[in-house]
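Per the numbering used here, the very first residue in the sequence shown carries number 6; after that it's consecutive.
For every residue, glycine included, the Cβ atom is placed at its ideal position computed from N, Cα and C.
For clarity, every value in this text was computed on a predicted model and none was experimentally measured.
A short worksheet on the structure shown next.
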Amino acid sequence: MHARNPEEFEQTAEQARLLFVGAFAKLDQEILSSHRWWGLDDGATALTVVHTGGFLFVANAGDCRAVLCRNGAAIRLTYDHKPHAEPERRRIVANGGLVKQVGCGSCTFGQALIAQCVLRSD
């Protein structure tokens, strides 16, 4: 099924983007608040997929991905948010965050919003 018109897709996509970003930001704040009480500085990964009205909306945060199988072929829908990858590092820094090498991995610091949305029309 395809969008009935581009305006309808754009309007629905923007509504989905705002809902995903708001939900991910709220969850991030709740996790950080509860973990700070215990003296922890943890994060989380999240992946959300909503199929409605002929649209498939996918959002991810952190080191996770969504893959769609269509006719036996894998179609990548999202990219992992890995701070050591240069595009992700640039995005984090541009949003006021900081990426530091810690041991054999990378850690992200600051309030850089991680949620990004991939919006597709079926």
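{"Item": "Below 8 Å, how does it come out for the segment 67 to 74 and the segment 34 to 44: are there three or more Cβ pairs, yes or no?", "Value": "no"}
{"Item": "I'd like the span of the beta strand (DSSP E) that includes Ala78, first residue to last.", "Value": "Ala78 to Arg81"}
{"Item": "Quick check on the burial criterion: 16 or more other C-beta atoms within 10 angstroms. Buried or exposed for Leu82?", "Value": "buried"}
{"Item": "Please classify Ala21: is it buried, with 16 or more other beta-carbons within 10 angstroms of its beta-carbon, or exposed?", "Value": "buried"}
{"Item": "Please determine, among Val98, Ala90, Ala64 and Asn100, the residue with the shortest C-alpha to C-alpha distance to Gly27.", "Value": "Ala64"}
{"Item": "Looking at C-alpha atoms only, which residue of Tyr84, Leu73 and Arg41 is the closest neighbour of Val55?", "Value": "Leu73"}
{"Item": "Please state whether DSSP places Ala105 in a helix, a strand or coil.", "Value": "According to the sequence shown, residue 105 is Lys rather than Ala. Strand."}
{"Item": "Thr50 by DSSP, collapsed to three states: which one?", "Value": "coil"}
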